[in-house]
Amino acid sequence: MPNLEIPIISHSVTVVIPALNEASNLPRLLAFLKETFESLGYELPVLVINDGSTDESPEILLNLQQKYPFLTVIHHSSRQGVTQVWKTALTEVQTDWIFWGQGDLESDPRVDLPALLNAAITGVDAVAGWRQNRGDGKVRTSQLANKVCRWVFGMGIHDMNWIKLIRRDTLADLPLELITHRYLLAIMSAMGYRVIEVPTQWFPRFSGVSKFGYGRLVTSSIDFVRVLLWFYSIKRWTKNPEHLSGNVSE
Numbered sequence: 011m012p013n014l015e016i017p018i019i020s021h022s023v024t025v026v027i028p029a030l031n032e033a034s035n036l037p038r039l040l041a042f043l044k045e046t047f048e049s050l051g052y053e054l055p056v057l058v059i060n061d062g063s064t065d066e067s068p069e070i071l072l073n074l075q076q077k078y079p080f081l082t083v084i085h086h087s088s089r090q091g092v093t094q095v096w097k098t099a100l101t102e103v104q105t106d107w108i109f110w111g112q113g114d115l116e117s118d119p120r121v122d123l124p125a126l127l128n129a130a131i132t133g134v135d136a137v138a139g140w141r142q143n144r145g146d147g148k149v150r151t152s153q154l155a156n157k158v159c160r161w162v163f164g165m166g167i168h169d170m171n172w173i174k175l176i177r178r179d180t181l182a183d184l185p186l187e188l189i190t191h192r193y194l195l196a197i198m199s200a201m202g203y204r205v206i207e208v209p210t211q212w213f214p215r216f217s218g219v220s221k222f223g224y225g226r227l228v229t230s231s232i233d234f235v236r237v238l239l240w241f242y243s244i245k246r247w248t249k250n251p252e253h254l255s256g257n258v259s260e
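Sequential numbering of the sequence shown, starting at 11, is according to the numbering used here.
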């Protein structure tokens, strides 16, 4: 693994924001990001990926681009899902690190972005935010999924589907279509990458409605079985199984 300079020093980080019908949240989010950069003393590139929104997001993002020079926007013509948003980001991002944010303002970048940047010390490959005082009604299902992944994959964190800071090169050879965004950090942990976590405050979304539906429980369960079969097939047949030993630190 290359010894990349830590992001708080290199500033080689792109903030990626997936957005689906978050028109009312985007102006406030970008204002928060500007405040964050003023506090940090430098700007980072921000990439908003509009995943086929049917509200006023395209028009609002156009206006925001004129206001914030650090903002780049990519539009998917139709909804493609979070995994495809990740793939689009990997195609476009040139920095060493990706900060995966939220478009619903359940995360406050003014606090969370500096916290994750400061946690990414030398030797760390990914930093996950761990939602505190979460009140979105999905706590039990999330806890179960994370507990299973800690047991099966040796994952040392408690919240794999929240904000995260990841070395971009660690994702280059991973089959994202198979792993999906849900199990990305679990697989990274199992493959020996050092994934740590920092507590972050959860906030009720500022505007709009959650995209979560109970149908996702079915798809995430199917995805889990597929990932599990793939991972243990690779672990069984690899010539160097030691690199899949789950070398994880909390």
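All C-beta atoms in this analysis are idealised placements derived from N, C-alpha and C, irrespective of residue type, glycine included.
Here the structure is a predicted model, which is why all the values come from computation and not from measurement.
> For residue 156, which three-state DSSP category applies?
Replying inline: Within the sequence shown, numbered from 1, the residue matching residue 156 stands at position 146. The answer is helix: DSSP assigns residue 156 an H, G or I state.
> Over what stretch of residues does the beta strand (DSSP E) that includes residue 25 continue unbroken?
Replying inline: If you number the sequence shown from 1, residue 25 lands on position 15. Taken as a continuous stretch (DSSP letters only), the beta strand (DSSP E) holding residue 25 covers 23-29.
>> What does DSSP give as the partner residue(s) for residue 177 in the beta ladder?
In response: Stepping through the sequence shown from its first residue, residue 177 is reached at position 167. Note: residue 177 sits in a beta bridge opposite 107.
> For residue 207, is the classification buried or exposed, using 16 other Cβ atoms within 10 angstroms of its Cβ as the cut-off for buried?
Replying inline: Looking up residue 207 in the sequence shown gives position 197. Per the 10 Å Cβ criterion, buried.
> Taking three-plus beta-carbon pairs below 8 Å as touching, is the region 142-149 in contact with the region 42-60?
Replying inline: no
>> So, does the region 117-126 touch the region 45-53, judging by three or more C-beta pairs under 8 Å?
In response: yes
> For residue 176, which residues of its own chain have a beta-carbon under 6 Å away from its beta-carbon, when the five flanking residues on both sides are left out?
Replying inline: The residue given as residue 176 occupies position 166 in the sequence shown. So the qualifying residues of the chain are 108 and 136.
>> Along the chain, where does the alpha helix (DSSP H) containing residue 64 start, and where does it finish?
In response: Mapped onto the sequence shown, residue 64 falls at position 54. Run containing residue 64: none; DSSP gives neither H nor E here.
> Given that a residue counts as buried once 16 or more other Cβ atoms are within 10 Å of its Cβ, and exposed if not, what is residue 23?
Replying inline: For the purposes of this step, residue 23 is identified with residue 13 of the sequence shown, where counting begins at 1. With 16 or more other Cβ atoms within 10 Å, it is buried.
>> Alpha carbons only, please: which of 33, 18 and 164 is nearest the one belonging to residue 215?
In response: Position 205 of the sequence shown, counted from the first residue, corresponds to residue 215. Looking at the Cα atoms, 33 is the closest of the given residues.
>> Between which two residues does the alpha helix (DSSP H) holding residue 96 run?
In response: By one-based count along the sequence shown, residue 96 stands at place 86. Counting along the chain, the alpha helix (DSSP H) containing residue 96 begins and ends at 92-102.
>> Rounded to the nearest angstrom, what separates residue 39 and residue 73 at their Cα positions?
In response: Here the question's residue 39 lines up with position 29 in the sequence shown. Here the question's residue 73 lines up with position 63 in the sequence shown. Approximately 14 Å between the Cα atoms of the pair.
> So is residue 25 buried or exposed if we call it buried at 16+ other beta carbons inside 10 Å?
Replying inline: Position 15 of the sequence shown holds residue 25. It counts as buried.
> So, helix, strand or coil for residue 204, using DSSP?
Replying inline: Your numbering for residue 204 matches position 194 in the sequence shown. Looking at residue 204 - three-state DSSP - the assignment turns out to be coil, as it is neither helix nor strand.
> How about residue 44 and residue 110: are their beta carbons less than 8 Å apart?
Replying inline: Translated into positions along the sequence shown, residue 44 becomes position 34. Translated into positions along the sequence shown, residue 110 becomes position 100. No, these two residues do not count as a Cβ contact at 8 Å.
>> What does the alpha-carbon distance come out to for the pair residue 161 and residue 183?
In response: The sequence position of residue 161 within the sequence shown is 151, counting from 1. The sequence position of residue 183 within the sequence shown is 173, counting from 1. Approximately 24 Å, taken between the alpha carbons.
>> Is the beta carbon of residue 212 closer than 8 Å to that of residue 144?
In response: Within the sequence shown, residue 144 is the residue found at index 134, counting from 1. Within the sequence shown, residue 212 is the residue found at index 202, counting from 1. Yes. Within cutoff.
> Which one of 105, 63, 101 and 106 has the shortest CA to CA distance from residue 90?
Replying inline: Position 80 of the sequence shown holds residue 90. Taking only the C-alpha atoms, the option nearest residue 90 is 63.
> Which same chain residues, not among the five before or five after residue 129, have their C-beta less than 7 Å away from its C-beta?
Replying inline: Position 119 of the sequence shown, counted from the start, is the residue given in the question as residue 129. Answer for residue 129: 137, 206 and 208, listed in chain order.
> Using the beta-carbon count (16 or more within 10 Å), is residue 235 buried or exposed?
Replying inline: Locating residue 235 in the sequence shown gives position 225, where the first residue counts as 1. Exposed is the call here.
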